[in-house]
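In the working numbering, the protein residues as written are 272 to 465.
Note that beta-carbon positions come from the ideal geometry of N, C-alpha and C, so glycine has one too.
All values derive from a computational prediction rather than experimental measurement.
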């Protein structure tokens, strides 16, 4: 977890140290998650559940036409329903996306992709129900891929798929690991830049 956290901090510092030609915009971003849960055991079923994310964002326009980088520091909450149990994941996430934008200042479209670093901040990393335990991972690495629309100089609407590169939680039944879960998510977001 320490290596992932320091890696995320290094990425943020590199973004701040970009050349002086880069234009920097600060803003706020928020939106909804629709979790897409995958299990490696067929007998475990889960419903997709809605969650949310919110926090500050910085966007740096690079000297190359159409290219920019954005980074956010977001509170992200995802909720899963498994049979009669609700699992809630609370994380601090740092997505860093490379973007390509085409259009005018009044209306533009953009595509983006990049890594996301997540750190679990839940009070309890383990949920016990009957004989089964769910253990959340302390940290996760994932990839974002998405598209968006810029409206004027201040507003952006985006949609993306967040792909977890490792497991999100382990399922343990009577002290034996029986499976793992991955909670990918569809995300729709709104950003306002000052």
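Enclosing beta strand (DSSP E) for residue i [first to last residue]
i	result
residue 410	410–422
residue 426	426–435
Buried versus exposed call for residue i [16 or more other C-beta atoms within 10 Å across all chains shown]
i	result
residue 324	buried
residue 389	buried
residue 290	Bear in mind that a pLDDT of 48 at residue 290, under 50, signals an unreliable position, so the number given afterwards is only what the model happens to contain. Exposed, since its Cβ has fewer than 16 Cβ neighbours within 10 Å.
residue 334	exposed
residue 328	buried
C-beta atoms of residue i and residue j nearer than 7 Å
i	j	result
residue 350	residue 361	no
residue 304	residue 440	no
residue 338	residue 295	no
residue 380	residue 420	yes
residue 369	residue 340	yes
residue 417	residue 383	yes
residue 344	residue 322	no
Euclidean distance between Cα positions of residue i and residue j
i	j	result
residue 411	residue 342	17 Å
residue 297	residue 430	20 Å
residue 364	residue 346	6 Å
residue 451	residue 308	10 Å
residue 357	residue 405	11 Å
residue 375	residue 461	19 Å
residue 454	residue 386	16 Å
residue 372	residue 427	12 Å
Counting only runs that start and end within the stretch 302–384, where is the beta strand (DSSP E) found for 3 or more residues in a row?
321–332, 338–343, 345–353, 356–374
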